[in-house]
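Listed in order, the protein sequences are those of chains A and B. In terms of the working numbering, the first sequence is residues 1 to 317. In terms of the working numbering, the second sequence is residues 1001 to 1316. All residues carry an ideal CB built from backbone N, CA and C; glycine is no exception.
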Amino acid sequence: MVACLGALLLLVAVAASLALGSKTIPLGEVLDPSTIETSLIVRTMRLPRTLVGIEVGIALAVAGVIMQTLTRNPIAEPRILGISAGASTGVVVAIALLGVSTLSGWIWWGLLGAGAAGALVFFVAARTREGASPVNLALAGAAIDAGLGALIFGLLSVDAATFDQYRFWVVGSLAARTPQMALQVAPFVVIGLLLAAIAARGLDALGLGEDIAKGLGHRVSRVRAASGTAAILLTGAAVAVAGPIAFVGLAVPHAARKLAATLAHRWVLPISALLGGVLVLGADVLGRVLFPPSEVPAGVITALVGAPVLLWAVLKR
Amino acid sequence: MKLRTILIMAAVLAIGMVVSTSVPAATEFVVFELRLPRAALAAITGAAFGLGGALIQAVTRNPLASPDVIGITQGAGLAATVALTTGLRDGGSAGGISIGAFAVAPAAMAGGLLAAACVFALGAKKGFSANRFVLAGVAVAFALRAGIEVVLTSAETIDAQRAQIWLIGSLNGRGYEEAIPVGTVLLGALPVLLWAAWALRTTSLDDDVARGIGVRPVARRYGLAAVGAVLAAAATAQVGAVDFVALVAPQISRRLARAERPPLVASALAGAALVVLADFAGRWILAPTQLPAGVLTAAIGAPYLVYLLLRSRGRT
């Protein structure tokens, strides 16, 4: 029921994303463009950013669910686990030290940075006495996030030119994305989603606690490895292609759990994915129509829209 | 174990104070009139952050909870940003900038406390749920952060830069004048601290268990969290968002003392030592350029926490 509603909302969001903007195009025109101008707008500008928006929303929301379960901490999200900071570090290094100045070039470096930081967080947590226990995972993530933040600040404060390019990436936006970029990160999103789907039952058990999960016959370390890899791939892909879009990974899982009225990951994961897509696309469309022809980056809107969504999910009993 | 941790942290703090006031060698004036006040401010705000963080983490039972997670930092930041970018800074600017700086700190303190009050009000519904409290804090923090962005983008560039520096947190050019209010709050919190050390023993219990042994867990949680919030707001108001200290200092001392919850005195000392060392490192590394203490606390505290996490392997 909720899943159907979510799918319907996502369809509406896609339609809005294709039709609305500084130039409104009726839906009939979108499907069957009569002029070259509208055809160009839809195919080269709106379609790619819609695709990227769906990818990013799904990836961030699913990664958020996994992180909150793995750390058993309701405030876990891409930013707190250091993966987002890893992607930022990758992009800053690419700009400052290697002179990469194209968005598509940054994507690889963002993915690389996210992967390295995520692997480091899980490595540190796994090497502690309790293994990758929820508390150690959260703390390792927070420490590496803060450390990378300081590193980024250091690099940017000595290099103003890099800062000038970086600040447009770091806001989090879907503008000027191409179909190639959507394809570039698609494999990572698909593999991440598959891993998440495989790990869903194990995550249910882990949510009950490590001992119970073991008692139920799950191999805890294997569930952690699979779902952790999924979180890294999904976050890395999303952050690399659109910048660190705030709040989706944090707020959407809470809203999804409330709407689904269950903690079972076979429901929470898909509903989160749908709602994540709706939130990111909706934020992007809102950013386009608020002050045309200029745009408010999607990352700013998600924080503004996401805060009340989270409050609602928290306060509603 | 706890006593040893306290002694270690006190020693690190003392060494940090000596090093940060005397390196590199300078005249008596520089040491006593410029560096000592700044080091004292660093120690006092660090202690307030460490203690505030320890209380908030103990009450919420969440190792990630810190003033910037529950909105205090952002509330102070929004108020300070507004104060710095509007006329308030020049309000009665007969004496120049010192009057302006004077107005920013109370505004920030009020903003931080107001944000905390909002989070308390939102989190309060049928008792105290740690998760609801923390999540309400995160939501408020994000909304306020968006407010800061809006104020920053609509302000004059020079005002926005000044606000940006405040937001990162720096002790540059500050001293006793800023240390006194924080020190007063810290002193005022001392008697509460004695109560807190005793009261905290039951906060890790389930609410029902706590009621069973005859304590009022909800009122106690609110009291402890409120003390933590006031300490954090007071420190943030004077030096800006040096807030990673509040997250990392309790965890460092908890791991050193191998305690179940963050030990209070050791957390305060760890916070003080961390800010003193971070401020010194920021002054010294790229001298004469000064790096803000807010960046160096993360650069020093984060690797140390990772080291402690790794070291815990193989011990009981």
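6 Å Cβ shell around residue i - same chain, five flanking residues per side excluded
i: residue 103 of chain A; result: none
i: residue 179 of chain A; result: 48
i: residue 313 of chain A; result: 254, 255, 258
i: residue 1178 of chain B; result: 1041, 1238
i: residue 1260 of chain B; result: none
i: residue 306 of chain A; result: 247, 251
i: residue 1314 of chain B; result: For residue 1314 of chain B, the pLDDT reaches just 49, beneath the cut-off of 50, and the residue's location in the model is therefore unreliable, although a value from the coordinates is still provided. Counting only Cβ-Cβ distances below 6 Å, and skipping sequence neighbours, we find nothing.
i: residue 1132 of chain B; result: 1123
7 Å Cβ shell around residue i - same chain, five flanking residues per side excluded
i: residue 115 of chain A; result: 232, 236
i: residue 42 of chain A; result: 18, 25, 30, 33
i: residue 1079 of chain B; result: 1107, 1108, 1110, 1111
i: residue 122 of chain A; result: 132, 228
i: residue 1227 of chain B; result: 1055, 1189, 1192, 1196
i: residue 224 of chain A; result: 70, 132
i: residue 1138 of chain B; result: 1069
i: residue 1257 of chain B; result: 1001, 1002, 1005, 1263, 1266
i: residue 52 of chain A; result: 174, 177, 181, 182, 241, 242
i: residue 295 of chain A; result: 175, 287, 288
i: residue 1072 of chain B; result: 1112, 1115, 1116, 1229, 1232, 1233, 1236
i: residue 302 of chain A; result: 245, 246, 247, 248, 279, 280, 283
Unbroken alpha helix (DSSP H) run spanning residue i, endpoints
i: residue 157 of chain A; result: 134–157
i: residue 214 of chain A; result: 210–215
i: residue 37 of chain A; result: 36–40
i: residue 43 of chain A; result: Segment: none, residue 43 of chain A is in no alpha helix (DSSP H) and carries neither H nor E.
i: residue 1009 of chain B; result: 1002–1022
i: residue 1027 of chain B; result: Careful: residue 1027 of chain B lies outside any alpha helix (DSSP H) and carries neither H nor E.
i: residue 90 of chain A; result: 83–98
i: residue 1033 of chain B; result: Where residue 1033 of chain B is concerned, there is no enclosing alpha helix (DSSP H), given that its DSSP letter is neither H nor E.
i: residue 224 of chain A; result: 220–242
i: residue 308 of chain A; result: 298–315
i: residue 291 of chain A; result: Here residue 291 of chain A belongs to no alpha helix (DSSP H), and DSSP marks it neither H nor E.
i: residue 961 of chain B; result: Absent from the model: residue 961 of chain B. The displayed extent of chain B is 1001 to 1316, so no value can be given.
i: residue 179 of chain A; result: 179–207
i: residue 247 of chain A; result: Note, residue 247 of chain A: premise wrong, no alpha helix (DSSP H); not H, not E.
Close Cβ partners of residue i (< 8 Å) along its chain, the five nearest in sequence each way excluded
i: residue 1302 of chain B; result: 1244, 1248
i: residue 138 of chain A; result: 71, 73, 76, 80, 81
i: residue 14 of chain A; result: 50, 54, 281
i: residue 1176 of chain B; result: 1037, 1040, 1041
i: residue 1224 of chain B; result: 1055, 1058, 1059, 1196, 1199, 1200, 1203
i: residue 1047 of chain B; result: 1186, 1268, 1269, 1271, 1272
Closest residue to residue i among the options (Cα-Cα distance)
i: residue 185 of chain A; options: A:59, A:5, A:44; result: A:59
i: residue 202 of chain A; options: A:213, A:192, A:193, A:194; result: A:213
i: residue 297 of chain A; options: A:156, A:264, A:246, A:261; result: A:246
i: residue 1037 of chain B; options: B:1287, B:1298, B:1022; result: B:1022
i: residue 1045 of chain B; options: B:1284, B:1187, B:1262; result: B:1187
i: residue 1297 of chain B; options: B:1283, B:1305, B:1285, B:1274; result: B:1274
i: residue 1290 of chain B; options: B:1181, B:1306, B:1236, B:1173; result: B:1173
i: residue 1141 of chain B; options: B:1085, B:1124, B:1065; result: B:1065
i: residue 1154 of chain B; options: B:1032, B:1169, B:1286, B:1085; result: B:1085
i: residue 1241 of chain B; options: B:1076, B:1143, B:1268; result: B:1076
i: residue 1049 of chain B; options: B:1158, B:1233, B:1081; result: B:1233
i: residue 238 of chain A; options: A:205, A:95, A:200, A:85; result: A:85
i: residue 300 of chain A; options: A:287, A:310, A:291; result: A:287
i: residue 172 of chain A; options: A:20, A:142, A:87; result: A:87
i: residue 166 of chain A; options: A:101, A:8, A:126, A:62; result: A:101
i: residue 136 of chain A; options: B:1031, B:1063, B:1033, B:1278; result: B:1063
i: residue 8 of chain A; options: A:277, A:285, A:315; result: A:277
i: residue 1308 of chain B; options: B:1255, B:1288, B:1280, B:1281; result: B:1255
Residue i: CB within 6 Å of a non-hydrogen atom of the ligand COA
i: residue 236 of chain A; result: Of the ligands one can find in the structure shown there are none, so the ligand COA has no counterpart to examine.
Chain-ordered residues of the segment 231–258 of chain A with a beta carbon less than 9 Å from chain B: 246, 247, 250, 251, 254
Between the segment 1039–1068 of chain B and chain A, which residues of the former have CB atoms less than 7 Å from a CB of the latter, in chain order? 1062, 1063, 1064
Please list the residues of the segment 121–144 of chain A that have a C-beta atom closer than 9 Å to any C-beta atom in chain B, keeping them in chain order. 124, 125, 127, 128, 129, 130, 135, 136, 138, 139, 140, 141, 142, 143, 144
Residues of the segment 64–77 of chain A whose Cβ lies closer than 8 Å to any Cβ of chain B, in chain order: 73, 74, 75, 76
At a Cβ cut of 7 Å, what residues of the segment 1149–1180 of chain B count as close to chain A, listed as they run along the chain? 1149
Taking any Cβ of chain B, which residues in the segment 285–303 of chain A have a Cβ under 7 Å from it, in chain order? Cβ contacts with chain B: 300, 303.
Short of 8 Å Cβ to Cβ, which residues in the segment 1276–1303 of chain B face chain A? Taking 8 Å as the Cβ-Cβ cut-off against chain A, the residues of the segment 1276–1303 of chain B that qualify are 1291, 1295, 1296, 1298, 1299, 1301, 1302, 1303.
Please list, in chain order, the residues of the segment 174–193 of chain A that have any C-beta partner in chain B closer than 9 Å. none
Contact residues within the segment 303–314 of chain A, judged by C-beta distance below 7 Å to chain B: 303, 304, 306, 307, 310, 311, 314
Any C-beta of chain A within less than 7 Å: which residues of the segment 1128–1143 of chain B qualify? 1131, 1132, 1134, 1135, 1136, 1138, 1139, 1142, 1143
May I ask you to list, following chain order, the residues of the segment 158–173 of chain A that have a beta carbon less than 7 Å from some beta carbon of chain B? none
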